[in-house]
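J.:
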Amino acid sequence: AEDIFISASADRTTVYQGEQVTVTWTLWTNQEIARLELKQSPGLTGFWVDDIYQPQQLNYQTKAVRGRRYYAAVLRKSALFPTQTGELTVGQMSLQGEVVVPGFFFGSTRPFTANSQPIKIKVKPLPEAGKPASWTGGVGAFEISASLSSFSSKGGEPVSLIITVTGTGNLGLIGAPAIPEIPGLKILAPETKDNFNYVSGKLSGSRTFSYPVLPQADGRYRIPEIELGFFDPRTGSYYIKKTRAQELSVTGVQANQSALTTENPGLRVLGSDIRHIKGRMSAEFKFPAGLAVGLWTLGIIVLGIGIIAGRQRQRLLMDTGYARRTRAYANAHKRLQQAEQALKQNRSAEFYSFVRQALLNFSGDLFNIETGALTSDELSNRLTQFGVRTELINELLDTLNLCELSRFSPGAVQCDPRQILERAREIIRELRRGTQWQQ
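Counting from 1 along the sequence shown, just add 1116 to a position and that's the residue number in the numbering used here.
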């Protein structure tokens, strides 16, 4: 029997596309480990992945295997959701390190490597029969609700239509429900916010979609029931849930548009009045010509700034990729500040988690890609396609790996965390500098 090995187990090996598979990796040893580090993370291509448990420090328990006593510690427990059908593979996890070799006077160490066995997962396609038009990827059991941030809008003020999906299943893969066109209202693409947890080992919680609603005309509007279709693997059937209809009252849009348009006849009359007043005043006071030109120029500048700002807001709402790029640096800076605060408070696991999130999220936001489920090779390939230098990609992947190793086995990595923080800042600066032409 082996002295040190890794077991990988799945709670099921045949599932529907989008159905959760829970995989647990466990380290078994009957020798004292002097040093331990992650050599290779398991390849999880074809899955959306959410970690259930990843310990800051290994917690060993005594267990017997085939009559031998081992110390066993869970290395990682993850929820995997297949995003494609067919036979998928959970790749091997690889660890390396050193074990203590007892000696008469002085002990020594010897290196070791331990690998888990790959797991084959058979993924069945969802049935086409009975699939509702409102299905957006949900596999599980869900409820849906709707609300408005305000039931009234004055002067064209935007409101938010908030759709919340709650339940158990592949929440992270549920797409935004379709909102029907409503004449007089412009409904834009939503922002998404997730709140996940685990109940009895199953992914649960909520996914919220916030749709900006821009009133175009006065009136009382009815936002109809919104449908969500989903597939329940327990019964093998599709179901549909609906929200309640919402009412929105809009006033003052026309008046606001009249005040803003330069073609409004009222503005021409106002201009005539001003010129007439100026004629009466000219005998008593001569308005300085230079000041008049300056004020006129200032007015044009302010108007131009307003137009540019309006177009910027509109583009942020309409273009998700542009919005992600625009906010990427600010979000990464916030994460690194959180990392620095965690470091000051000696919360090392949170420090490495914040640094890793900053780098991954910044890369994803900058290039409008989803990085959460990508392996290192896949992330490298995607960044290469966007023209990122190979040296910078390697630096990014090395830093991500350092963060994962430090979270996984504290003390195994001999590196100053402040150096990792500064390295992360430099990587973000370099990525930003190399892509500013795309902004």
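Even for Gly, the Cβ is constructed at its ideal location relative to N, Cα and C.
#1: Run through the DSSP bridge pairs and tell me what P1227 is partnered with.
#2: I1342 to S1261, Cα distance in whole Å?
#3: So, helix, strand or coil for N1313, using DSSP?
#4: Can the beta-carbon of E1363 be found less than 8 Å from the beta-carbon of F1267?
#5: Determine whether the beta carbon atoms of I1237 and V1206 lie at a separation below 8 Å.
#6: Write down every uninterrupted run of the beta strand (DSSP E) in the region 1126–1197 whose length is 3 residues or greater and which is fully enclosed by it, in chain order.
#7: Return the chain-ordered list of same chain residues with a C-beta closer than 6 Å to the C-beta of N1231, the five sequence neighbours on each side being excluded.
#8: Can you tell me whether K1065 is helix, strand or coil according to DSSP?
#9: How should G1285 be labelled, buried or exposed, when 16 other C-beta atoms within 10 angstroms of its C-beta is the threshold for buried?
#10: For the alpha helix (DSSP H) holding R1539, just list the boundary residues, first then last.
#11: Could you tell me if R1443 is buried or exposed, where buried requires 16 or more neighbouring beta carbons within 10 angstroms of its beta carbon?
#12: Taking only the alpha-carbon atoms, compute the straight-line gap between R1498 and R1336 and give it to the nearest angstrom.
#13: Grab the span of the alpha helix (DSSP H) containing V1255 for me, first residue to last.
#14: For A1189 and L1143, which I take to be in contact (beta-carbon distance under 8 Å), what is that distance rounded to the nearest angstrom?
#15: Indicate the three-state DSSP secondary structure (helix, strand or coil) for R1472 in the structure shown.
#16: Is it true that the region 1248–1265 meets the region 1278–1293, where meeting means three or more beta-carbon pairs spaced less than 8 Å apart?
#17: Taking Q1501 as part of the alpha helix (DSSP H), name the residues at either end of that continuous run.
#18: So which of A1455, Q1461, L1476 has the shortest CA-CA distance to Q1535?
#19: Could you give the distance in angstroms between the alpha-carbon of Q1332 and the alpha-carbon of Q1370?
#20: Just tell me which of A1245, P1296, L1344 has its CA closest to the CA of S1353.
#21: Pull up the DSSP beta-bridge partners for T1367, would you.
#22: Can you tell me which residues form a DSSP beta bridge with A1124?
#23: Report back the beta-carbon spacing between P1274 and P1328 to the nearest angstrom; my notes put them in contact at under 8 Å.
#24: Cutting at 7 Å between CB atoms, please list the residues of its own chain near T1178, excluding the five before and the five after it.
#25: Would you give the residue range spanned by the beta strand (DSSP E) that V1206 belongs to?
#26: Quick check on the burial criterion: 16 or more other C-beta atoms within 10 angstroms. Buried or exposed for T1500?
#27: With DSSP as the reference, identify every bridge partner of S1326, one or two as the case may be.
#28: Assuming Q1172 and A1465 make a contact with CB atoms under 8 Å, what is their CB distance in whole Å?
#29: To the nearest angstrom, how far is it from the Cα of W1164 to the Cα of S1269?
#30: In terms of DSSP beta bridges, what is F1483 paired with?
#31: Where does G1345 fall in DSSP's three states?
#32: My assumption, with CB atoms under 8 Å, is that P1349 sits in contact with V1255. Please give the rounded CB distance.
#33: Would you identify the three-state DSSP class for T1284, choosing helix, strand or coil?
#34: Could you compute how far the alpha carbon of E1538 sits from the alpha carbon of T1252?
#35: From the DSSP output, in three-state form, read off I1509 for me.
#36: Of all the options P1533, R1549, L1174, which has the alpha carbon lying nearest to the alpha carbon of K1460?
T.: Put simply:
#1: E1214
#2: Put simply, the backbone Cα of I1342 is about 8 Å away from that of S1261.
#3: strand
#4: Result yes, Cβ atoms of E1363 and F1267 sit closer than 8 Å.
#5: yes
#6: 1130–1132, 1137–1145, 1149–1156, 1163–1169, 1177–1181
#7: Q1208, S1210
#8: The question about residue 1065 has no answer here: the residues shown for the chain are numbered 1117 through 1555.
#9: buried
#10: 1533–1550
#11: Exposed, since its Cβ has fewer than 16 Cβ neighbours within 10 Å.
#12: 47 Å
#13: Counting along the chain, V1255 falls outside any alpha helix (DSSP H), though it belongs to the beta strand (DSSP E) covering 1251–1264.
#14: 5 Å
#15: helix
#16: yes
#17: 1492–1501
#18: A1455
#19: 8 Å
#20: A1245
#21: K1270
#22: W1141
#23: 5 Å
#24: R1185, Y1187
#25: 1202–1206 is the span of the beta strand (DSSP E), which, as asked, contains V1206.
#26: exposed
#27: I1278, E1307
#28: Yes, Q1172 and A1465 are in contact; Cβ-Cβ is about 4 Å, under 8 Å.
#29: Taking the straight line joining both Cα atoms gives about 40 Å.
#30: F1483 pairs with nothing; no bridge assigned.
#31: strand
#32: Yes, they are in contact, since the Cβ atoms of P1349 and V1255 sit about 6 Å apart, within 8 Å.
#33: strand
#34: 41 Å
#35: helix
#36: P1533
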